[in-house]
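Per the working numbering, residue 83 is the first one in the sequence shown, and the count goes up by one each step. Okay, so here's the structure we're looking at.
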Amino acid sequence: MGTVVGAGFASGQEVLQFFSFFGITGIFGLLVAALLFVFFGLVILELGRRLNADSHREVIQYAGGRWLGTVIDGVITFFLFGALTAMAAGAGAIFEEQFGLPFILGSLVMVIITMLTVLLGISGVINAISFVVPALLVSVLGITVATLVTSPLNPGEVTDWARAARAAVPSWPLSAITYVSYNLVLGVSVLAPLGKHVNNPKTLQKGALLGGIGLGIGALAINLTMLSRIPEVAGYEVPMVFVAAQFSPLIQIAYSVVLLAEIYTTAVGSLYGFAERITDQGKPLFKWLVIGTGIVAFAASQFGFSTLVRVLYPAVGYAGLLMLGGLLYGYAKEHLIAQPAYKRE
């Protein structure tokens, strides 16, 4: 879950763009997305375990073949750096909008903390993600319950307001698939090597199931919150913080801190996946690559959060459809065509 949730998810902007603009029918899109997260998450974890993957490359090469795998690998590697840049920009935006601090300070602090965590290795990445995700779910569900009690959802009003033309993708089924696609393009960088560290297939199955359900519940809660405060939230770059501010300044600040923590988990996963793809963690080059990548991402983040997300995420989502197709092929090759020769059992 921590590899998927981040600035876009916790801010409410992703859910608004990909689901809320479709009104009530967007809820069906969320259900489809949750099922796809379970299925493809399990495929990636299981392939990572059986291929003994050190990065996403082994899984993608197996699933997509030599040529398609190379293209998908390039898309993933590019997006890992792009996501790191977007997260640094997101931290800058929160520092500036919520705390009245310089944008550049927020970006700098986020990049430095992210680099230090990644230099601790995969255990540091997993610990960071595992600590933050429960805090996000509790915060989101709390705000959702409070919002629905004080501002009940009005289906008629939502239906009248629904503006599919403003959504990032033209239809809710395609929006659900694209949403999963670009999130897994980012998530595969951590999920693939994570599978290597788990020997029990049943543990992976439970992880994929609970992860997909948790993501679905979290996104549904954010969506219901958005829909209950339509149309006010549609004009905000960080709509969930706007909703939190309606209850008290203290809640607004607390949620802003949680949002920063979620940005941190995505930034950590992105930087780790990018560096691990280029060189092994144990090699001396890894440390310098992490530092150099952080510096370049910090400089690029100054273009701004909304600009980076608006341009980058939908484009990578469409490109990521190639990855989902490759993973489907890999699943079919393993389960329907022939038993793979690489099995350790």
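Think of the CB as a built atom: it goes at the ideal place given N, C-alpha and C, for glycine as much as any other residue. Small disclaimer: the values here were computed from a predicted structure and weren't measured.
- Relative to the C-alpha of Gly401, which residue among Val315, Thr232, Leu150 is closest? If you number the sequence shown from 1, residue 401 lands on position 319. With the sequence shown as reference, residue 401 is identified as Ala, and Gly is not the correct amino acid for it. When only C-alpha atoms are compared, the closest one is Leu150.
- Just the Cα atoms here: how many angstroms apart are Tyr413 and Pro237? One-based indexing of the sequence shown puts residue 413 at position 331. One-based indexing of the sequence shown puts residue 237 at position 155. Tyr413 and Pro237: Cα-Cα distance of roughly 40 Å.
- Can you name, in chain order, every residue of its own chain whose Cβ lies under 7 Å from the Cβ of Thr229, other than the five neighbours on each side? The residue labelled residue 229 in the question sits at position 147 within the sequence shown. If we look at Thr229 and ignore the five residues flanking it on each side, its Cβ neighbours are Thr307, Ser310, Arg311, Val325.
- Item | Contained alpha helix (DSSP H) runs [length at least 4] in the region 311–351, N- to C-terminal order | Listed in chain order, the complete alpha helix (DSSP H) runs (minimum 4 residues) inside the region 311–351 are 321–327.
- Task: Put Ala279 into one of helix, strand or coil per three-state DSSP.
- Result: As a first step, residue 279 must be located in the sequence shown, where it is residue number 197. According to the sequence displayed, residue 279 carries His and not Ala. Coil at His279, not helix or strand.
- Message: If contacts are defined as beta-carbon pairs under 8 Å, then Ala135 and Lys278 qualify, I think. What distance do you get, rounded to the angstrom?
- Response: As a first step, residue 135 must be located in the sequence shown, where it is residue number 53. As a first step, residue 278 must be located in the sequence shown, where it is residue number 196. Right, their Cβ atoms sit about 5 Å apart.
- Task: Taking only the alpha-carbon atoms, compute the straight-line gap between Tyr424 and Gly105 and give it to the nearest angstrom.
- Result: Against the sequence shown, residue 424 aligns to sequence position 342. Against the sequence shown, residue 105 aligns to sequence position 23. Confidence at Tyr424 is low in this model, with a pLDDT of 47, below 50, so its placement is unreliable and the value that follows should be read with caution. One C-alpha to the other measures close to 46 Å.
- Item | Member of Leu371, Ala316, Gln334 whose CA lies at the smallest distance from the CA of Leu201 | Locating residue 201 in the sequence shown gives position 119, counting from the first residue. When each option's Cα is compared against that of Leu201, the closest is Leu371.
- Query: Under the three-state reduction of DSSP, which class applies to Leu309: helix, strand or coil?
  - Reply: Start at 1 with the first residue of the sequence shown, and residue 309 comes out as number 227. Looking at Leu309 - three-state DSSP - the assignment turns out to be helix.
- Could you pull out every residue in the same chain whose Cβ sits closer than 8 Å to the Cβ of Val87, ignoring the five residues on either side in sequence? On the sequence shown, residue 87 is found 5 positions in, with the first residue counted as 1. Here the set comprises Val215, Leu218, Leu297, Gly300, Glu344, Thr347, Thr348.
- Query: Using a Cβ-Cβ cut-off of 8 Å (strictly less than) and excluding sequence neighbours within five positions of Leu162, which residues of its own chain qualify?
  - Reply: In the sequence shown, the residue the question calls residue 162 occupies position 80. Once the five neighbours on either side are set aside, the close Cβ partners of Leu162 are Leu268, Ser271, Ser352, Leu353, Gly355, Phe356, Arg359.
- Determine the closest residue to Met405 out of Val120, Glu96, Phe387, Val157, with distance taken between C-alpha atoms. Stepping through the sequence shown from its first residue, residue 405 is reached at position 323. Selected option, being the one with the closest Cα: Val157.
- Query: In whole angstroms, what separates the C-alpha of Leu118 from that of Ser253?
  - Reply: Numbered from its first residue, the sequence shown carries residue 118 at position 36. Numbered from its first residue, the sequence shown carries residue 253 at position 171. C-alpha separation (whole angstroms): 17 Å.
- So Phe161 is in the alpha helix (DSSP H); what residue range does that whole segment cover? Locating residue 161 in the sequence shown gives position 79, counting from the first residue. For Phe161, the enclosing alpha helix (DSSP H) stretches over residues 138–181.
- Item | Exposure label - Ser102; buried when at least 16 CB within 10 Å | By 1-based counting over the sequence shown, the position of residue 102 is 20. Burial call: buried.
- Message: What residue range does the alpha helix (DSSP H) around Arg248 cover?
- Response: As a working mapping, residue 248 is identified with position 166 in the sequence shown. Arg248 -> no alpha helix (DSSP H), and no H or E assigned at all.
- Query: How big is the Cα-Cα spacing for Glu140 and Gly399?
  - Reply: Residue 140 sits at position 58 when you count from the first residue of the sequence shown. Residue 399 sits at position 317 when you count from the first residue of the sequence shown. Taking the straight line from one Cα to the other gives about 21 Å.
- For Asp362, count neighbouring Cβ atoms within 10 angstroms of its own Cβ and tell me buried if that reaches 16, exposed if not. Along the sequence shown, one-based indexing puts residue 362 at 280. Counting Cβ neighbours within 10 Å, Asp362 comes out exposed, since fewer than 16 surround it.
- Item | Neighbourhood of Val240 by C-beta, 8 Å cutoff - its chain only, sequence neighbours within 5 removed | Counting from 1 along the sequence shown, the entry for residue 240 is found at position 158. Same-chain partners within the cutoff: Gly105, Ile106, Leu309, Ile312.
- For the 8 Å Cβ check, are there 3 or more pairs between the region 182–189 and the region 370–386? yes
- Assuming Leu127 contacts Leu273 under a Cβ cut-off of 8 Å, what Cβ separation, rounded to an integer in Å, is found between them? To locate residue 127, count along the sequence shown from 1; it is residue 45. To locate residue 273, count along the sequence shown from 1; it is residue 191. 6 Å between Cβ atoms; contact.
- Item | Contact check, Leu223 vs Ala303, beta carbons under 7 Å | Mapped onto the sequence shown, residue 223 falls at position 141. Mapped onto the sequence shown, residue 303 falls at position 221. Contact flag set, yes.
- Message: Using a Cβ-Cβ cutoff of less than 7 Å, which residues in the same chain neighbour Ala116 once the five nearest sequence positions on both sides are dropped?
- Response: Along the sequence shown, read from residue 1 onward, the residue named residue 116 stands at position 34. Here the set comprises Gly294, Ile295, Leu297, Gly298.
- Message: Using the Cβ count rule (16 or more neighbours within 10 Å means buried), how would you classify Glu314?
- Response: As a first step, residue 314 must be located in the sequence shown, where it is residue number 232. Glu314 is exposed by the Cβ-count criterion.
- Closest Cα partner of Gly317 within the set Phe329, Leu286, Gln99, Val114: Taking the sequence shown and counting its residues from 1, the one referred to as residue 317 is at position 235. The candidate whose alpha carbon is nearest that of Gly317 is Gln99.
- Which value, in whole angstroms, describes the spacing of the CA atoms of Leu292 and Phe121? As a working note, residue 292 is residue 210 in the sequence shown. As a working note, residue 121 is residue 39 in the sequence shown. Distance between the alpha carbons of Leu292 and Phe121 is about 11 Å.
- Item | When Pro255, Asn209, Ala327, Ser338 are compared against Ile109, the one with the closest alpha-carbon | Your numbering for residue 109 matches position 27 in the sequence shown. The shortest C-alpha to C-alpha distance from Ile109 to any of Pro255, Asn209, Ala327, Ser338 is the one to Pro255.
- Query: Within this structure, are the beta carbons of Tyr395 and Ser221 separated by less than 7 Å?
  - Reply: On the sequence shown, position 313 is the one that residue 395 refers to. On the sequence shown, position 139 is the one that residue 221 refers to. Cβ atoms of Tyr395 and Ser221: not closer than 7 Å.
- Item | 8 Å CB neighbourhood of Val262 in its chain, flanking five on each side removed | On the sequence shown, residue 262 is found 180 positions in, with the first residue counted as 1. So the qualifying residues of the chain are Ala115, Leu118, Phe119, Phe122, Leu406.
- Residues in its own chain within less than 6 Å of Gly84 by CB, not counting five upstream and five downstream? The sequence position of residue 84 within the sequence shown is 2, counting from 1. Taken in chain order, the residues that qualify are Ile211, Val215, Thr347.
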